[in-house]
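Undergrad: Structure in structure tokens, see below.
There are 2 protein chains.
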Amino acid sequence: MIDLQPVKGTRDFFPDEMRLRNWLFDVWRRVSVQAGFEEYDTCVLEHEELYIRKAGDEISKQLYSFEDKGGRRLSLRPEMTPSLARLVLQYKKSLSFPIKWFSMPQCFRYERMTKGRRREHFQWNADIIGQPEMVAEAEILMLLISACESMGLTAKDIRVFINDRRILNSILSQISVPQEMHSAVLVIMDKRDKISTEALSKLLQDLGMSTIQVEQLNEYLSKSDLNELKKDLNDTHGIEELQNLMDLMVTAGYSNYLQFDISIVRGLSYYTGAVFEVNSPEKQHRAICGGGRYDSLLSACGGETVPAVGFGFGDVVVLDVLKELQRFPELPRTLDYTIIPFAAEQVGIALKIAAELRSQGSTVDCNFSMKKIKKTMQQANESGAKNTILLFPDELAEDKVVIRDMQLHEQKPIKITDLISSAE
Amino acid sequence: MIDLQPVKGTRDFFPDEMRLRNWLFDVWRRVSVQAGFEEYDTCVLEHEELYIRKAGDEISKQLYSFEDKGGRRLSLRPEMTPSLARLVLQYKKSLSFPIKWFSMPQCFRYERMTKGRRREHFQWNADIIGQPEMVAEAEILMLLISACESMGLTAKDIRVFINDRRILNSILSQISVPQEMHSAVLVIMDKRDKISTEALSKLLQDLGMSTIQVEQLNEYLSKSDLNELKKDLNDTHGIEELQNLMDLMVTAGYSNYLQFDISIVRGLSYYTGAVFEVNSPEKQHRAICGGGRYDSLLSACGGETVPAVGFGFGDVVVLDVLKELQRFPELPRTLDYTIIPFAAEQVGIALKIAAELRSQGSTVDCNFSMKKIKKTMQQANESGAKNTILLFPDELAEDKVVIRDMQLHEQKPIKITDLISSAE
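So the protein sequences, as listed, match chains A and B. Counting in the numbering used here, the first sequence runs from 217 upward without gaps. Counting in the numbering used here, the second sequence runs from 217 upward without gaps.
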């Protein structure tokens, strides 16, 4: 007997689960298209080199990598942004910037499984490329908030915690951490919520920071007021921009969603500006969504510098949150009609009626079980049929069928030609 | 510089290509749902053992297989049916048969690339499980024909070439090929169109068939009339069923689509009954779609015997065919509105108007380039905007904007509140 379970850390989607996934994908796609984003996709299989980064990003250590029969080193994509960078560099000359693109890729990471974290998830990605101004951040945040609102999540349920890598870099410069160490320090700082203060200090010291530097860093990271930070830092890049962004979001109608949070770092080394995460106001969950500005990823891939900002929004955490808040959508199976023949010689005519009704847009199933009427009506109910079409010999002899409204429990004979022309 | 090309044999989908793919997926999904099929999915990553079959199926030799960090032998799925069998066996007791399920998985095969064949494709799969009667075949064929019709392909453009494995087995039994060799012989016979008659004869003889048996086989395979075959064979299983199926399809309104073709074998060893392929009437292409009945796959996976019939319908060949017939759909990018501010202080109000219009279902982009009106109008045209909303200072001072119909080249001022309440 074969193993009936899916590969460890991966999921099967039975029809009930698939309706939920399609509902989520439809929300993502609808708000993206409404906001002027265009959909793209790449293959789940990429060259491994796309994910090998020198800053020691955790993601590079969690790759599903292998060699194909032609000797190529390949990986299942752990995230979408490097593929997007590859696409943009491929056709940079023919694209008209800024571009606003989105995708809903399945991404893979081989890691320990915890709540909200499997070895694969679907991750909605939306990015604006070629817009250096903070209005790109505003559009990106509006997009993800509108998705949350479409799912019934409001400013009472979620918050966008935002920071700017330039502020973190200013702090590190101010405490004399050399520039070339910044990326590596930030990757470690992103683990703050996951490991103890001692473990974190040790990692930072292993990297070359002194005890005093670590203490100074912790003091800066205890600040929650942008104006206060502005006074303390020599280099105030990022602070004013963040304040402008927050004002812009208020004008656009999104008050109460944004909150400055100096502890937001994000684990990817390519971020250069704003970084943000969405969570409940009390940060009870893993991040529902995270992203930021990465103006140098494209140049790191070998192209010129192109400003870019985007986010990844996974399917697992948000569904956990909706479930916890009891806001899961009700998505039962529905059918407009179930056609029920009662004898073998009626099968052809049942199929013909089905084909006609379907071609007019109705959803139609047939029940060929040839069971008794009580049983077939029960099956039609279970499959969510609004109407049943009963092929009784007497009516069929007059080119009629009996149509039954399953909610009203009313039935009447109808000419087949009339049924077909009146179909919803 | 990194390699900007996708992995050999795989595709990128830029927005133009993605609109085409979404159009195709929408056709597949719509006709499936209308026909009462429910969508499911599994992970692209499966246990390798799911694809290891003793009949020597070509597919088993073309796997993208590897060992994960936990020592598991995994494969990227080359086809969907084994995953479906796994799912059905997992919840067999709680499913109410027959079930009608569909999926649109990406499938991978490492093979030489030729026209219509890459190393990955998306393959619409639809299956009916638990229905032993030929009406399942009728429903499956109606579904795939309705997809073709939705794409503008009619009985003039495509034909369903159909055969039955039981007929092939009868022929093999009649010429004294032992039962246990049948599957392997059929896998070789499926290569008929791809290799020379001599090469084929050699492969069959290597398997243990005599020269006379090979000659007898070729003679049977030259027959094109079901009634003639019926007279010649001792075991006529499959022939009458195929004739009934053809009659049923005519009653259901699908004349002229089906054609008996004894050369249809299909390369998968698990088929047990009807086997079919869709192609142009002259068979100019690779099969657009192929499938059949596989009543013993579930028992081969370790469960009881469950009757099943289904097909796979790839995205590559059908798009090649549509292109050749010049029936590609026109799918330009469109937008309801492009909002154009002309000064930095208008950005917030532009975003606010955008948010309001989007929340009512319109598709809205903003142009923040702050370029001259001629340039921004040209950009709006290129992005398919039906209307532009121009934020001129004079009108804004009166809470108005100027809306311009890009087709009619007409523009007029409108109160922002009226614009928002009148949005499509």
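Where is the CB? At the ideal position from N, CA and C, for every residue including glycine. These numbers come from a predicted model, not from an experiment.
1) Rounding to the nearest angstrom, what Cα-Cα distance links R325 (chain B) and F527 (chain A) in this structure?
2) Counting only Cβ pairs nearer than 9 Å, list the residues of chain A close to V223 (chain B).
3) Out of curiosity, what's the CA-to-CA distance linking S575 (chain B) and S310 (chain A)?
4) Which same chain residues, not among the five before or five after P545 (chain B), have their C-beta less than 6 Å away from its C-beta?
5) Take D373 (chain A) and list the residues in its own chain whose beta-carbon comes closer than 7 Å to its own, dropping the five residues that flank it on each side.
6) Hey, quick one: how far does the alpha helix (DSSP H) through Y436 (chain B) stretch, first residue to last?
7) Starting from V533 (chain B), trace the alpha helix (DSSP H) in both directions and tell me its first and last residue.
8) Does DSSP put Q459 (chain B) in a helix, a strand or coil?
9) Quick one: which chain B residues come within Cβ less than 7 Å of P609 (chain A)?
10) At a Cβ threshold of 8 Å, is S440 (chain A) touching chain B?
11) Can you tell me where the alpha helix (DSSP H) with V563 (chain B) in it begins and where it stops?
12) Under 8 Å by Cβ, that's how I've got D228 (chain A) and T258 (chain B) pegged, so tell me the actual separation to the nearest angstrom.
13) Do you know whose CA, among B:L236, B:L266 and B:G287, lies nearest K641 (chain B)'s CA?
14) Is there at least one Cβ from chain A nearer than 8 Å to S638 (chain B)'s Cβ?
15) Please classify E640 (chain B): does DSSP put it in a helix, a strand, or coil?
16) I need the boundaries of the alpha helix (DSSP H) containing Q221 (chain A), first residue and last residue.
17) Does the CB of R269 (chain B) have a neighbour CB from chain A at under 8 Å?
18) For chain A, find out if any of its Cβ atoms is closer than 8 Å to the Cβ of F534 (chain B); answer yes or no.
19) Please go through the same chain and pick out, in chain order, the residues whose beta-carbon is closer than 7 Å to the beta-carbon of Y486 (chain A), but skip the five residues on each side of it.
20) When the cut-off is 8 Å and only beta carbons count, does C517 (chain A) lie next to chain B?
21) Bridge partners of E336 (chain A), per DSSP?
22) Measuring only between beta-carbons, confirm whether G368 (chain B) sits less than 8 Å from chain A.
23) Pick out the complete beta strand (DSSP E) segments inside the stretch 476-531 of chain A, 3 residues or longer, and give them in chain order.
24) Any Cβ of chain E within less than 8 Å of the Cβ of G508 (chain A)?
25) Nearest to I315 (chain B) by alpha carbon, out of A:S312, A:R549, A:P222 and A:D536?
26) In chain order, what residues of the same chain lie with their CB nearer than 8 Å to the CB of M296 (chain B), ignoring the 5 residues before and after it?
27) Mind checking whether R408 (chain B) and G454 (chain B) have CB atoms under 8 Å apart?
28) The beta strand (DSSP E) that contains S291 (chain A), what's its start and end?
29) Kindly indicate the opening and closing residues of the beta strand (DSSP E) around F282 (chain A).
30) State the start and end residues of the unbroken alpha helix (DSSP H) segment that holds P231 (chain A).
31) When burial is assigned at 16 or more other CB atoms within 10 Å of the CB, is L420 (chain A) buried or exposed?
32) Does M462 (chain A) have its Cβ less than 8 Å from a Cβ in chain B?
33) Anyone know if the C-beta pair for I356 (chain B) and V525 (chain B) falls short of 8 Å?
34) Got a sec? Which residues, its chain only, sit under 7 Å from A468 (chain B) by beta carbon, not counting five neighbours each side?
35) Determine whether the beta carbon atoms of V532 (chain A) and R375 (chain A) lie at a separation below 8 Å.
36) Closest by CA to I218 (chain B), which one among A:T427, A:E520, A:N472 and A:L484?
TA: This is what the structure gives:
1) 32 Å
2) C259, L261, E262, H263, D284, R288 and L290
3) 32 Å
4) W239
5) S496 and L541
6) T427 to Y436
7) D531 to E540
8) helix
9) Those do not exist, as P609 (chain A) stays about 17 Å from chain B at its closest Cβ, beyond 7 Å.
10) no
11) V563 to S575
12) 5 Å
13) Because residue 641 (chain B) is not part of the residues shown, which for chain B are 217 to 640, the question remains open.
14) no
15) Here the model assigns E640 (chain B) a pLDDT of 47, short of 50, so the residue's position is not dependable, and the following value carries that caveat. Three-state DSSP puts E640 (chain B) in coil, outside helix and strand.
16) Premise fails: Q221 (chain A) is in no alpha helix (DSSP H) and is neither H nor E.
17) no
18) The amino acid at residue 534 (chain B) is misidentified as Phe; the sequence shows Val. Answer no: the Cβ-Cβ gap between V534 (chain B) and chain A never drops below 8 Å.
19) Y510, S512, L513 and A516
20) yes
21) A:F324
22) no
23) 490-495, 505-509 and 524-530
24) You won't find chain E in this structure, because its protein chains are A and B.
25) A:R549
26) T258, S319, P321, C323, Q339, N341 and G528
27) no
28) R289 to L292
29) Y280 to E283
30) P231 to Q250
31) buried
32) no
33) yes
34) A354 and M358
35) no
36) A:E520
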